[in-house]
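Participant: Dumping the structure here so I can ask a few things about it.
Number of protein chains: 2
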Amino acid sequence: MKKLTLPPTFDQIRETHDAIHSFIHKTPVITCSQLDNISGAHLFFKCENFQKIGAFKMRGASSAALRLTPEEKKAGLATHSSGNHAQAVALSAKLMGIPAHIVMPDVSPTIKVNATKGYGANVYFCENNQQAREDTLAEIQEKTGAAFIHPYDDYNVIAGQATAAKELLETISGLDAVIAPIGGGGLMSGTALSTKHLSSETKIYGAEPEEVDDAFRSFTSGKLQKNTTINTIADGLRTNLSEKTFGIIKSHVDDIFTVSEQAIMEAMMLIYERMKIVIEPSSAVPFAAILANPQIFRGKRIGIIISGGNVDLPKIFS
Amino acid sequence: MKKLTLPPTFDQIRETHDAIHSFIHKTPVITCSQLDNISGAHLFFKCENFQKIGAFKMRGASSAALRLTPEEKKAGLATHSSGNHAQAVALSAKLMGIPAHIVMPDVSPTIKVNATKGYGANVYFCENNQQAREDTLAEIQEKTGAAFIHPYDDYNVIAGQATAAKELLETISGLDAVIAPIGGGGLMSGTALSTKHLSSETKIYGAEPEEVDDAFRSFTSGKLQKNTTINTIADGLRTNLSEKTFGIIKSHVDDIFTVSEQAIMEAMMLIYERMKIVIEPSSAVPFAAILANPQIFRGKRIGIIISGGNVDLPKIFS
Chain A
988 MKKLTLPPTF DQIRETHDAI HSFIHKTPVI TCSQLDNISG AHLFFKCENF
1038 QKIGAFKMRG ASSAALRLTP EEKKAGLATH SSGNHAQAVA LSAKLMGIPA
1088 HIVMPDVSPT IKVNATKGYG ANVYFCENNQ QAREDTLAEI QEKTGAAFIH
1138 PYDDYNVIAG QATAAKELLE TISGLDAVIA PIGGGGLMSG TALSTKHLSS
1188 ETKIYGAEPE EVDDAFRSFT SGKLQKNTTI NTIADGLRTN LSEKTFGIIK
1238 SHVDDIFTVS EQAIMEAMML IYERMKIVIE PSSAVPFAAI LANPQIFRGK
1288 RIGIIISGGN VDLPKIFS
Chain B
988 MKKLTLPPTF DQIRETHDAI HSFIHKTPVI TCSQLDNISG AHLFFKCENF
1038 QKIGAFKMRG ASSAALRLTP EEKKAGLATH SSGNHAQAVA LSAKLMGIPA
1088 HIVMPDVSPT IKVNATKGYG ANVYFCENNQ QAREDTLAEI QEKTGAAFIH
1138 PYDDYNVIAG QATAAKELLE TISGLDAVIA PIGGGGLMSG TALSTKHLSS
1188 ETKIYGAEPE EVDDAFRSFT SGKLQKNTTI NTIADGLRTN LSEKTFGIIK
1238 SHVDDIFTVS EQAIMEAMML IYERMKIVIE PSSAVPFAAI LANPQIFRGK
1288 RIGIIISGGN VDLPKIFS
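What follows is the structure, given as structure tokens:
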């Protein structure tokens, strides 16, 4: 596949989907009559918590990795991340038989460090700030020649994330809306591109915590804004939009909803208790937005992207 | 269907399965490569946590309810239970358009009381001991004429519980063993009867907490024994075997494994973290037994009955 320097076309998303086939699961779409009753809507949950490494990130990481040249592949993959993207890059490298170099903040939970090492990646620790991450990564790239896979500010990654909504829309027809959580915007951008092509009448919504509402403020003002705090339980959504993801979101997303921390917790508990699936807090944000806006969603057929299931349950409830 | 006064034949289990069709979900069988790696076995999880009311109990309750005479049905269903069986009887009655009368101990968690009331049942509170439960139930039966649906000591209930393993074995072939948790023994009895008929070479195992090992001691000694404590997190397994369930278990089960509380907690966490499904502690007991006995299970194809997913997560981790 050729590297993408523009937002992916749907043909390129389809080509990506074919290429990453053996790197991902086709995850199930699950319904729940109890949550339909509670919300008054018909909900179709695209369960990326059942994806390899437990999150949609596997789609984007493998999409970008497979587009590297043979020489680049030989030198391996590199990224900085303490979360799902680290594991996605590590597993992509493992499946391709190439090295992975992952920079993680020294405060990363042991469980995530071990999971990343478990995929055979070389893990490097740095101080817990952006500068230290970037400096350490630059050092490692210089030494190893490994290619940096950005978690979202990369059209090659976005093409991969788009395949989740593609699968959803190819499975469930007649959706009135699709809604996804927004962190860095990779999943939202991909969701928007696939939905726009496969079901042009379907509304495209994003959801994010009030506490990290950079996407909402960027969308409303038309200018890229940054978060000023990271005070949310939805740890996957603390990142800021990038120029590339904001560009796609600005063009294709119909609206962005923000929800309180309490609403996120309540939505997550409902999904645990009624659907019996484990999701991470970020994945509860779209359902929280649906519950908070019944006038918009009642009676509608809604696709929800459940982004992942990597959560430290004892910590959540401690 | 005719009422059963002997252990169900497989023809009767098949008839039951047809009859309860609209009362139950055909639940999925899920695999997990990570848990296969950890256990060294090939595991097939029959996920009754996705069953209606969140547990296999719906199968047995509806099986017994549908076998009542028209006059008995008119008077409604009654039982005493603080857990999954209460909800199963309540929902069965609702679906049949008849009344349900449920006796619950006054210490029952509000969430379970509300769930039972949510199915339209009449809930009666009593003191938290067996005598009070039985007295209150007798009073209500006298007043209403409602039929008592026992949670396990009833061949009509056992015929329903047998349909879970029937679905598993009709979906997955060549299992070396099937393993289920043992509380009152209804699920274990039904599992044994279906397995013996559909796959006579498949070993049939039970698993229970060391702390409530009445089934293990009964099985080993050949005489029905009782638990002396209820000190286990696996709240669904605190009940004792009955004459009927012990009779079936004695004849058909190959072995019973006991596991520590720590092993149950670790097995449950692995299922939460790797499979991303919510299960109740009782459902982790068979997987704990597999991890504790690698010499028996390694390399084998094992069916595991996940009995339910009704768990108070904040309480588990508090």
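Protein chains in written order, with this note's numbering: chain A, 988 to 1305; chain B, 988 to 1305.
Yeah, the Cβ is synthetic: ideal placement off N, Cα and C, and Gly gets one too.
Fair warning: this is a prediction, and the values are worked out from it, not measured in the lab.
Please give the ranges of any alpha helix (DSSP H) in the stretch 1233–1284 of chain B, keeping only runs that are unbroken, at least 4 residues long and fully inside the region.
Facilitator: Runs found: 1248–1257, 1268–1279 and 1281–1284.
Participant: Could you tell me the boundaries of the beta strand (DSSP E) in which residue 1190 of chain A lies?
Facilitator: For the purposes of this step, residue 1190 of chain A is taken as the residue at position 203 of the first sequence. Here the beta strand (DSSP E) through residue 1190 of chain A covers 1190–1196.
Participant: Suppose only complete runs of 4+ residues qualify. What are the alpha helix (DSSP H) ranges in the stretch 1113–1193 of chain B, listed by chain order?
Facilitator: Entirely contained in the stretch 1113–1193 of chain B, the alpha helix (DSSP H) runs reaching 4 residues are, in chain order, 1117–1131, 1142–1158 and 1173–1185.
Participant: Is the number of C-beta pairs between the stretch 1248–1255 of chain A and the stretch 1224–1237 of chain A that are closer than 8 Å three or more?
Facilitator: Result no; under three Cβ-Cβ pairs closer than 8 Å.
Participant: Under the assumption that residue 930 of chain A contacts residue 1301 of chain B (Cβ atoms under 8 Å), give the Cβ distance between them as a whole number of angstroms.
Facilitator: Lying before the first or after the last residue shown, residue 930 of chain A is absent from chain A, which here runs from 988 to 1305.
Participant: Given residue 1186 of chain A, which residues of its chain have a CB within under 7 Å of its CB, disregarding the five upstream and five downstream residues?
Facilitator: For this step, residue 1186 of chain A is matched to residue 199 along the first sequence. Closer than 7 Å at Cβ, skipping near neighbours: 1156 and 1162.
Participant: Please identify, using Cβ separations under 8 Å, the residues of the stretch 1039–1072 of chain A that lie next to chain B, in order along the chain.
Facilitator: Against chain B - using a Cβ distance shorter than 8 Å - the residues of the stretch 1039–1072 of chain A are 1041.
Participant: Whose Cβ in chain B lies nearer than 7 Å to the Cβ of residue 1296 of chain A?
Facilitator: Looking up residue 1296 of chain A in the first sequence gives position 309. Within 7 Å Cβ-Cβ: 1263.
Participant: When the cut-off is 8 Å and only beta carbons count, does residue 1300 of chain B lie next to chain A?
Facilitator: Mapped onto the second sequence, residue 1300 of chain B falls at position 313. With 8 Å as the cut-off, residue 1300 of chain B counts as an interface residue toward chain A.
Participant: For residue 1209 of chain B, which of helix, strand or coil comes out of DSSP?
Facilitator: Counting from 1 along the second sequence, the entry for residue 1209 of chain B is found at position 222. In this structure, residue 1209 of chain B counts as coil in the three-state DSSP scheme.
Participant: Give the DSSP-derived three-state secondary structure of residue 1090 of chain B in the structure shown.
Facilitator: In the second sequence, residue 1090 of chain B corresponds to position 103, counting from 1. Correct three-state label for residue 1090 of chain B: strand.
Participant: Between which two residues does the beta strand (DSSP E) holding residue 1067 of chain B run?
Facilitator: On the second sequence, residue 1067 of chain B is found 80 positions in, with the first residue counted as 1. Run containing residue 1067 of chain B: 1064–1067, per the beta strand (DSSP E) assignment.
Participant: With a threshold of 8 Å between beta carbons, is residue 1274 of chain A in contact with chain B?
Facilitator: For this step, residue 1274 of chain A is matched to residue 287 along the first sequence. With 8 Å as the cut-off, residue 1274 of chain A does not count as an interface residue toward chain B.
Participant: From residue 1195 of chain B to residue 1093 of chain A, what does the alpha carbon distance come to, in whole angstroms?
Facilitator: Counting from one through the second sequence, the residue named residue 1195 of chain B turns up at place 208. Counting from one through the first sequence, the residue named residue 1093 of chain A turns up at place 106. Each residue's Cα considered, the two are about 41 Å apart.
Participant: Examine the Cβ distances between the stretch 1035–1042 of chain B and the stretch 1125–1140 of chain B and report whether three or more of them are shorter than 8 Å.
Facilitator: With a cut-off of 8 Å, the stretch 1125–1140 of chain B and the stretch 1035–1042 of chain B do not count as touching, because too few Cβ pairs lie within range.
Participant: If you draw a straight line from the alpha carbon of residue 1013 of chain A to that of residue 1245 of chain B, how long is it in whole angstroms?
Facilitator: Position 26 of the first sequence holds residue 1013 of chain A. Position 258 of the second sequence holds residue 1245 of chain B. The straight-line gap from Cα to Cα measures roughly 37 Å.
Participant: Would residue 1106 of chain B pass as an interface residue toward chain A - the criterion being a Cβ-Cβ separation below 8 Å?
Facilitator: The residue you call residue 1106 of chain B lines up with position 119 of the second sequence. Taking Cβ atoms only, chain A never reaches closer than 8 Å to residue 1106 of chain B, which makes this a no.
Participant: When we look at the beta-carbon of residue 1138 of chain A and count the other beta-carbons within 10 Å, is it buried (16 or more) or exposed?
Facilitator: Here residue 1138 of chain A refers to the residue found at position 151 of the first sequence. Buried is the call here.
Participant: Note the first and the last residue of the continuous beta strand (DSSP E) segment covering residue 1220 of chain A.
Facilitator: Sequence index remark: in the first sequence, residue 1220 of chain A carries index 233 (1-based). Element bounds for residue 1220 of chain A: n/a, residue is neither H nor E.
Participant: Could you pull out every residue in the same chain whose Cβ sits closer than 7 Å to the Cβ of residue 1055 of chain B, ignoring the five residues on either side in sequence?
Facilitator: Position 68 of the second sequence, counted from the start, is the residue given in the question as residue 1055 of chain B. 1134, listed in sequence order.
Participant: Closest to residue 1279 of chain B by CA distance: which of B/991, B/1016, B/1025 and B/1015 is it?
Facilitator: In the second sequence, counting from the first residue as 1, residue 1279 of chain B sits at position 292. It is B/1025 whose Cα lies nearest to the Cα of residue 1279 of chain B.
Participant: Indicate whether at least one CB of chain A lies closer than 8 Å to the CB of residue 1036 of chain B.
Facilitator: Numbered from its first residue, the second sequence carries residue 1036 of chain B at position 49. So, interface residue.
Participant: Could you give the first and the last residue of the continuous beta strand (DSSP E) run that contains residue 1295 of chain A?
Facilitator: Translated into positions along the first sequence, residue 1295 of chain A becomes position 308. Premise fails: residue 1295 of chain A is in no beta strand (DSSP E) and is neither H nor E.
Participant: Can you pull the chain C neighbours of residue 1304 of chain A, defined as C-beta to C-beta under 7 Å?
Facilitator: The displayed structure is made up of protein chains A and B, and chain C is not among them.
Participant: Give the single residue among B/1191, B/1203 and B/1218 whose Cα lies nearest to the Cα of residue 1211 of chain B.
Facilitator: Sequence index remark: in the second sequence, residue 1211 of chain B carries index 224 (1-based). For residue 1211 of chain B, the nearest C-alpha among the options comes from B/1203.
Participant: Would residue 1050 of chain B and residue 1003 of chain B be called neighbours here (beta carbons separated by less than 8 Å)?
Facilitator: As a working mapping, residue 1050 of chain B is identified with position 63 in the second sequence. As a working mapping, residue 1003 of chain B is identified with position 16 in the second sequence. Yes, these two residues count as a Cβ contact at 8 Å.
Participant: Note down, in chain order, each residue of its chain lying with its Cβ closer than 7 Å to the Cβ of residue 1100 of chain A, except the 5 sequence neighbours on either side.
Facilitator: Translated into the one-based positions of the first sequence, residue 1100 of chain A becomes position 113. Here the set comprises 1091 and 1110.
Participant: Which two residues bound the contiguous alpha helix (DSSP H) that contains residue 1081 of chain B?
Facilitator: Counted from its first residue, the second sequence places residue 1081 of chain B at position 94. That run of the alpha helix (DSSP H) goes 1071–1083.
Participant: For residue 1080 of chain B and residue 1007 of chain B, what's the separation of their Cα atoms in angstroms?
Facilitator: The sequence position of residue 1080 of chain B within the second sequence is 93, counting from 1. The sequence position of residue 1007 of chain B within the second sequence is 20, counting from 1. Distance between the alpha carbons of residue 1080 of chain B and residue 1007 of chain B is about 13 Å.
Participant: How about residue 1259 of chain A: is its C-beta nearer than 8 Å to some C-beta of chain B?
Facilitator: The residue you call residue 1259 of chain A lines up with position 272 of the first sequence. Yes, its Cβ sits closer than 8 Å to a Cβ of chain B.
Participant: In whole angstroms, what is the alpha-carbon distance linking residue 1152 of chain A and residue 1039 of chain A?
Facilitator: Within the first sequence, residue 1152 of chain A is the residue found at index 165, counting from 1. Within the first sequence, residue 1039 of chain A is the residue found at index 52, counting from 1. Going from the Cα of residue 1152 of chain A to the Cα of residue 1039 of chain A covers about 16 Å.
Participant: Could you work out which residue in A/1216, A/1281, A/1000 and A/1188 is closest to residue 1197 of chain A when comparing CA atoms only?
Facilitator: Position 210 of the first sequence holds residue 1197 of chain A. It is A/1216.
Participant: For residue 994 of chain A, count neighbouring Cβ atoms within 10 angstroms of its own Cβ and tell me buried if that reaches 16, exposed if not.
Facilitator: By one-based count along the first sequence, residue 994 of chain A stands at place 7. With 16 or more other Cβ atoms within 10 Å, it is buried.
Participant: How big is the Cα-Cα spacing for residue 1190 of chain A and residue 1145 of chain A?
Facilitator: Locating residue 1190 of chain A in the first sequence gives position 203, counting from the first residue. Locating residue 1145 of chain A in the first sequence gives position 158, counting from the first residue. One C-alpha to the other measures close to 19 Å.
Participant: Give the DSSP-derived three-state secondary structure of residue 1304 of chain A in the structure shown.
Facilitator: For this step, residue 1304 of chain A is matched to residue 317 along the first sequence. In the structure shown, residue 1304 of chain A sits in coil (DSSP, three-state: anything other than H, G, I, E or B).
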